[in-house]
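Enquirer: Oh and the sequence shown: position 8 is 8 in UniProt numbering, straight run, nothing missing.
For glycine and all other residues, C-beta sits at the position ideal for the given N, C-alpha and C.
These figures come from a predicted structure and were not determined experimentally.
I have a structure here, written as structure tokens, and I will follow up with some questions on it.
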Amino acid sequence: MKLGRLGVWYSTDKLDGSQLRDFVRTVENNGYAALWYPESRGYESMSLATYLLSCSEKLIIGSSIANIYARDSYTALRAVISLNALYGGRFILGLGVSHIPMVEGLRGHRYDKPLAAMGAYLDGINKSAPSGEPLPVMVAALGPKMLALSAAKSRGAVPYNVTPQHTREAAAVLGPSKWLAVEQKVTIEADPAKARALGRKELSRYMVLPNYRNNWLRLGFTEAELADGGSDRFIDAMVLWGDADTIKRGLHAHFEAGATHVCLQPVHADGDFAARDRMLAALADA
Numbered sequence: 001m002k003l004g005r006l007g008v009w010y011s012t013d014k015l016d017g018s019q020l021r022d023f024v025r026t027v028e029n030n031g032y033a034a035l036w037y038p039e040s041r042g043y044e045s046m047s048l049a050t051y052l053l054s055c056s057e058k059l060i061i062g063s064s065i066a067n068i069y070a071r072d073s074y075t076a077l078r079a080v081i082s083l084n085a086l087y088g089g090r091f092i093l094g095l096g097v098s099h100i101p102m103v104e105g106l107r108g109h110r111y112d113k114p115l116a117a118m119g120a121y122l123d124g125i126n127k128s129a130p131s132g133e134p135l136p137v138m139v140a141a142l143g144p145k146m147l148a149l150s151a152a153k154s155r156g157a158v159p160y161n162v163t164p165q166h167t168r169e170a171a172a173v174l175g176p177s178k179w180l181a182v183e184q185k186v187t188i189e190a191d192p193a194k195a196r197a198l199g200r201k202e203l204s205r206y207m208v209l210p211n212y213r214n215n216w217l218r219l220g221f222t223e224a225e226l227a228d229g230g231s232d233r234f235i236d237a238m239v240l241w242g243d244a245d246t247i248k249r250g251l252h253a254h255f256e257a258g259a260t261h262v263c264l265q266p267v268h269a270d271g272d273f274a275a276r277d278r279m280l281a282a283l284a285d286a
């Protein structure tokens, strides 16, 4: 599998079947290499991957992320093998440890120490994997220890809610032979107040999650900058806004920092899918 340069990340739970099909075709027809989707409270990850793959011809579909508490490692292994066998080698299994509310509150499991839990899960996949080419399995890694684990036991990392500074640090840990697929939120909006309001709304669900907050603090943001919806400096770092050329420069900063793949996430008003699609068309040649 060759992972292309530019992809799209999008929260698919907000779309029904026909909307998903149309969206996949929009992403593919604009020439993006991959479409990444999360696993939260909506669609089950492997079921959704099957549908997205069936709606596309060449597009790589990546889970970003599949929750390791949602299925055991052997089931995850069989899923990645099965989907690639059935759909021409176009599926990447991105894995994550999720968050305590999603694991203990929603699923009723015990949330173990993230590094140990992910290490054991990857060991379970790798010990039963067929010999030959490494499996297209990646890890939603943020901290240096999880990044090092990603380098040792998977094809690379799929960091989320990060900056080019983090991309540079992640690339140094992973090394040149690994994939580094970075998510970046974008909105083509020239008005600072409107752009930041969209950004604050999109980021609000993440602001209360320790995994992300701890990483933002590692990157140099302060508790004060993370309070009350986030400072302008923080929002501007998390969500690129302005005209298409300005956003493209922001995306290029991740490549210059060592990303092998950048997946942009269009941020728009609820239900404004036309704005989403305009952004995808305008940024496809980034």
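On the premise that residue 226 lies in contact with residue 216, defined as a C-beta separation below 8 Å, what is that separation, rounded to the nearest angstrom?
Expert: In this structure residue 216 touches residue 226 by the C-beta definition: roughly 6 Å separates them, less than 8 Å.
Enquirer: Would a C-beta distance cut-off of 8 Å place residue 186 and residue 239 closer than the cut-off?
Expert: yes
Enquirer: Residue 287: which of 34, 20, 139, 207 sits nearest, CA to CA?
Expert: Residue coverage of the chain in this structure runs from 1 to 286, which leaves residue 287 outside it and unanswerable.
Enquirer: Just list the residues that DSSP pairs residue 138 with in beta bridges.
Expert: 94
Enquirer: To the nearest angstrom, how far is it from the Cα of residue 86 to the Cα of residue 119?
Expert: 28 Å
Enquirer: List the whole-angstrom C-beta distance separating residue 129 from residue 77, where the pair is believed to meet the contact cut-off of C-beta under 8 Å.
Expert: 6 Å
Enquirer: Have a look at residue 84 and residue 251 and give me their C-alpha separation to the nearest angstrom.
Expert: 29 Å
Enquirer: Measuring CB to CB, does residue 114 end up less than 8 Å from residue 146?
Expert: yes
Enquirer: Quick one: what's residue 263 bridged to in DSSP?
Expert: 7, 183
Enquirer: For the beta strand (DSSP E) that contains residue 37, what are its first and last residues?
Expert: 34-37
Enquirer: For residue 157, which three-state DSSP category applies?
Expert: strand
Enquirer: For residue 8, count the other beta carbons within 10 Å of its own beta carbon; 16 or more makes it buried, fewer makes it exposed. Which is it?
Expert: buried
Enquirer: Can you check whether the CB of residue 96 is closer than 8 Å to the CB of residue 65?
Expert: Yes.
Enquirer: Using only alpha-carbon positions, find the residue among 218, 237, 161 that is nearest to residue 196.
Expert: 237
Enquirer: In this structure, how does DSSP classify residue 63 when only helix, strand and coil are distinguished?
Expert: strand
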